[in-house]
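Reviewing the structure listed below.
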Amino acid sequence: MGLFHKAALAASISTSLFAYVALTPTACAQGEPVHAYHLPVQSLATSLRAVSAASGRTIGMLPQLVANRQAPALEGSYTAEAAVAALLAGSGLHLHVAGNALIINAKGSGDQGLDEQANAPSTADGPEILVTGSLIRGAPIASPTIVIDRQAMLDTGATSLGDVMRNLPQSFGGGQNPGVGSNVPTAGGINVGSASTINLRGLGSDATLTLLDGHRLAYNGSRQGIDLSSIPFGMVEKVDVVADGASALYGSDAVAGVANIMLRHDLQGLETSANIGGATDGGDFQQQYGVVAGHRWNGGGLVAGYEYSSNTNIMSNDRSFAAVRPGVALYPALHHHAVALTGHQSLTDRLTFDVDATFNKRWSLGGWASNNAGDASLSHTDQASTSRSVSVAPSLKLDLPAGWRVQLSGVYGTETVHLDNRYYTGSALTTALRACYCNSGASGELAADGRLLTLPAGPVKLALGLGYRYNKFQQLVEGSTSNIIASQDSRYAYGEVSIPVIAPEMGVTAISRLNFSGALRYERYPGVASVATPKLGLIYAPFPDLVVKGSWGRSFRAPTLYQQYQLRSAYVYLASTEGGSGYPSTATGLLLSGGNPALKPERAETWTAMLDYSPHQIPGLNLQASYFSTIYRDRIVVPITYTSQSLSNPIYARYVTLSPSAAAVANIVNMPGFTPLTGTSTYDPSTAVAIIDNSSVNAGRQVIHGVDLLFNYKKRLHGQSGEIGLNGDIAYLTSSQVLVPGAAATQLAGTLFNPPHWRGRGSVSWKRGGFMFNATTSYIGGVSDIRTTTPIAVGGMLTQDFTARYDVGDRNGALHGVAFSLTAQNIFNDKPTTIATTSYASAAYDSTNYSPVGRYIGVGVTKSW
706 MGLFHKAALA
716 ASISTSLFAY
726 VALTPTACAQ
736 GEPVHAYHLP
746 VQSLATSLRA
756 VSAASGRTIG
766 MLPQLVANRQ
776 APALEGSYTA
786 EAAVAALLAG
796 SGLHLHVAGN
806 ALIINAKGSG
816 DQGLDEQANA
826 PSTADGPEIL
836 VTGSLIRGAP
846 IASPTIVIDR
856 QAMLDTGATS
866 LGDVMRNLPQ
876 SFGGGQNPGV
886 GSNVPTAGGI
896 NVGSASTINL
906 RGLGSDATLT
916 LLDGHRLAYN
926 GSRQGIDLSS
936 IPFGMVEKVD
946 VVADGASALY
956 GSDAVAGVAN
966 IMLRHDLQGL
976 ETSANIGGAT
986 DGGDFQQQYG
996 VVAGHRWNGG
1006 GLVAGYEYSS
1016 NTNIMSNDRS
1026 FAAVRPGVAL
1036 YPALHHHAVA
1046 LTGHQSLTDR
1056 LTFDVDATFN
1066 KRWSLGGWAS
1076 NNAGDASLSH
1086 TDQASTSRSV
1096 SVAPSLKLDL
1106 PAGWRVQLSG
1116 VYGTETVHLD
1126 NRYYTGSALT
1136 TALRACYCNS
1146 GASGELAADG
1156 RLLTLPAGPV
1166 KLALGLGYRY
1176 NKFQQLVEGS
1186 TSNIIASQDS
1196 RYAYGEVSIP
1206 VIAPEMGVTA
1216 ISRLNFSGAL
1226 RYERYPGVAS
1236 VATPKLGLIY
1246 APFPDLVVKG
1256 SWGRSFRAPT
1266 LYQQYQLRSA
1276 YVYLASTEGG
1286 SGYPSTATGL
1296 LLSGGNPALK
1306 PERAETWTAM
1316 LDYSPHQIPG
1326 LNLQASYFST
1336 IYRDRIVVPI
1346 TYTSQSLSNP
1356 IYARYVTLSP
1366 SAAAVANIVN
1376 MPGFTPLTGT
1386 STYDPSTAVA
1396 IIDNSSVNAG
1406 RQVIHGVDLL
1416 FNYKKRLHGQ
1426 SGEIGLNGDI
1436 AYLTSSQVLV
1446 PGAAATQLAG
1456 TLFNPPHWRG
1466 RGSVSWKRGG
1476 FMFNATTSYI
1486 GGVSDIRTTT
1496 PIAVGGMLTQ
1506 DFTARYDVGD
1516 RNGALHGVAF
1526 SLTAQNIFND
1536 KPTTIATTSY
1546 ASAAYDSTNY
1556 SPVGRYIGVG
1566 VTKSW
């Protein structure tokens, strides 16, 4: 079936508030979903009405409790309980959960004085959730934010967080992810231990900061990414993605943006799940079994989850686009055990203790036949790995008068990846290479936020904090005397302010809402650099339906310990092969490569502009359009692209030392990583005419621009016809890179092993009673293979997914609380385009952009107890 026909078929498929008794909502399912809110500063009663209408939850209170009270702006996605808690912050009112109803009470009697109420702590039964993109509770966010809640993940048939994030149009499938082939340049992506990481805008997994409930985790492997697959899927409530530089708030790594994974905090009961499925072309047989249990009590709660997941490998023999290289594992066989726990307990009426903890252990096995016949019985290579991660993040929160909160938090985590490459001739093991990438990290932070003063438009809010962070990295290779054991620490302080200037109640012509925000962070890395990063934000609403947002800021990424301390190697080449002329035929050049302890942080300047439109004439419709720009300088790169031009191209002159001294040559010859000229066992230092240093340096510059278009619409149909939902996300990206000053710019976006210019994903869903049907269309644009003189077009992929789910509901009997699901992904079995390969172990397609799975059919069942 052609691309046009598949697209055509996909398109065709694809309130008042009472006292103590309010709206009549539908029953609230366990694991309450989140909803997006864009509420201005307004009366508390109006905001509570909006939350009740959006969530379907009953909200009850005595009318006099909310009379003449003002609610703060509410921007972002919350559960109903978290939304109400944020609206009540600093009011002295308390939230009590009674079944499906949310009851608002004063601390004491109904005629309690306002002064006393204002000094009461603002706590709810569950922990309050910060909006990602700000360190101030309830502050509006000037940066574009994408929210993927649990319900949206389930509706599209997702069973892993890694797949969810790789399907996001703003995220690139390169970086550190399973299935990335060995022919991919390391700048595009690698597979170390089969971790799943987020790579926003294709700037690298190490340039996207990934948080779990707002705190950091230990790095994975050698490239400083965060492994998403270590978190049980059943424990995930939602993911917030702020695709905008955010180092002023969160520090290093947030150049491309921040992804914050939120856990389920307030589950009551037990939930079990099972999912199985497989690819119709063979391989990728998946099994996933999980259990999540939660219990709430007065003042606290605990949720814990466990997951076992496995999949078989995908072999090139079973895929027509890759069969030219038989015997190659396109996607490794994986299985893992993962555990997560989150709990909170009120120690007093003002002091709360929270903790998150995770554990994951994963095994991965891939490899390839080591002969041109693809016969693994003759010779083959196995790539095996074992990964283990642990993290614990406790915190204490103290509520003070006037809505202030002080928080003391800490994080400790470890992540170890043991690699075992085994080379066989026949069944005999000929060589084994074993190594460990061992990471650990710890941090502590003291932070406070609250109301600084009150303006006519609302309270000015401030956040302050200071902290310490420590990372340790070890690369331990069996039998090597040149291992890496290095550590790095940093100290930081930050401040953020949110200033409401105009609110709707003020009746200003042509300005419904105006808000300014600013942040500044100072971070000191001893021996590396001290960095100060600012950020400014503006939110302007000419009328309530339209919000204009803009932000400008600077971000940075500290050099990784691997980049600093990677083993330095030295190779000898004839000067003539390095571009030298006029030298004796025996003249040689020494080529250095590896780490560089003198590296400094990468720096970026980012700005975004966004239109957010929710017409009141069409309830449930939201349109967003944003433009972003990132100028990324001092990128850490290997400067010399073509070593054959080292001595002839003047742009490389700064990295070449001509007529080196005898002492300089002797230092290199005595290096542990020195390799003599091919075919010789000794080296004559007197033949050296140049030293070429191709070690990592701060020299690169990247320019990234793009546009994101998002569309969301929900409508309840007449009568008993149910509800429909439409969602769309289109991303356009252009990027280029200059490796060294004076070099020509190289296009990145739209070329092989880099993000395509266009990616998009749209879905239509229909829900009625316990039945849900969803159709999702995904498009990943084509790229150009520029490895040859004449570029070759590599076609994109258009896939269509269908998911159906039936929730039996609360009826009595054996099926009480049971939900069944059926998913068919890439139903028309679209395939990647075959590309040329030189190494037999290379995958014959662009494994950073396109999936080798093909058509996948899966079934699942969940049971709430």
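Heads up: the sequence shown is residues 706 to 1570, going by my numbering. Backbone N, C-alpha and C define an ideal beta-carbon position, used for all residues, glycine too.
- Under the DSSP assignment, V1469 falls in the beta strand (DSSP E) whose first and last residues are 1463-1473.
- A distance below 6 Å between beta-carbons, with the five flanking residues on each side excluded, links T985 to the following residues of its chain, in chain order: R1560.
- G1072 sits away from N896, with the two beta carbons spaced by 9 Å or more.
- Here the alpha carbons of S1351 and G781 stand approximately 52 Å from one another.
- Within the model, the alpha-carbon separation for L1160 versus P1209 is close to 13 Å.
- In this structure, G1475 lies away from V1488, with their beta-carbon atoms at least 9 Å apart.
- In the DSSP assignment, N1126 forms a beta bridge with Q1088, L1138.
- When A1546, I1532, Y1550, D1059 are compared, the shortest CA-CA separation from T1538 is found for Y1550.
- The secondary-structure analysis by DSSP pairs Y783 across a beta bridge with H740.
- Going by C-alpha positions, P1365 is about 56 Å away from K1254.
- In the DSSP assignment, Q1269 falls outside any beta strand (DSSP E) and lies within the alpha helix (DSSP H) extending over 1266-1270.
- Counting only runs of 4+ residues, the alpha helix (DSSP H) found wholly inside the segment 1367-1431 occupies 1367-1374, in chain order.
- Taking each of A1140, S876, L1138, L840 in turn and checking the Cα distance to P1461, the smallest one comes out for S876.
- E976 is a Cβ neighbour of S1569, given a cutoff of 9 Å.
- Leaving aside the five residues that flank G1284 on each side, the residues in its chain whose CB is nearer than 8 Å to its CB run, in chain order, S1349, Q1350, S1351, L1352, S1353, N1354.
- With distances taken between CA atoms, N1016 lies nearest to T864 out of V1029, T864, L933, L1103.
- Straight-line spacing of the CA atoms in L1297 and S1286 works out to 20 Å.
- In this structure N1003 is exposed. Its beta-carbon is surrounded by fewer than 16 other beta-carbon atoms within 10 angstroms.
- Around Q1271, the same chain offers G1299, G1300 as residues with beta carbons nearer than 6 Å, after the five sequence neighbours per side are excluded.
- Judged by DSSP in its simplified three-state form, I1341 adopts strand.
- The residue among A1330, R1226, G1232, V1394 with its C-alpha nearest the C-alpha of A953 is R1226.
- Put simply, of A759, Q1269, L1382, D1339 the residue whose alpha carbon is nearest the alpha carbon of G1294 is L1382.
- In terms of Cβ geometry, I1019 and G884 form a close pair [threshold 9 Å].
- Per DSSP, the unbroken beta strand (DSSP E) holding L1070 starts and ends at 1056-1074.
- Between Y742 and Q1088, the alpha-carbon positions lie close to 47 Å from each other.
- Linking R842 to G1405 through their CA atoms gives a straight-line distance of about 38 Å.
- Around the beta-carbon of V1566, fewer than 16 other beta-carbon atoms lie within 10 Å, marking it exposed.
- When the five nearest sequence neighbours on each side are left out, the beta carbons in the same chain lying within less than 7 Å of the beta carbon of N904 are those of S876, F877, G879, G880, S910, T913, in order along the chain.
- According to the DSSP assignment, G1223 belongs to the beta strand (DSSP E) that extends over 1218-1230.
- Sequence-distant partners of D1512 (beyond 5 residues in either direction) whose C-beta falls short of 6 Å from its own C-beta, in its chain, are G1475, A1524.
- In this structure, the beta-carbon distance from S901 to L866 falls below 9 Å.
- According to DSSP, residue pairing for W1002 in a beta bridge involves G1005.
- Put simply, the backbone Cα of T1238 is about 17 Å away from that of V947.
- In this structure D1413 does not touch Y1318 by the C-beta definition: roughly 14 Å separates them, more than the 8 Å allowed.
- In its chain, beyond the 5 residues on either side, K1568, S1569 have a beta carbon closer than 6 Å to the beta carbon of G1522.
- At a cut-off of 4 residues, not a single continuous stretch assigned as alpha helix (DSSP H) sits fully inside the segment 1529-1561.
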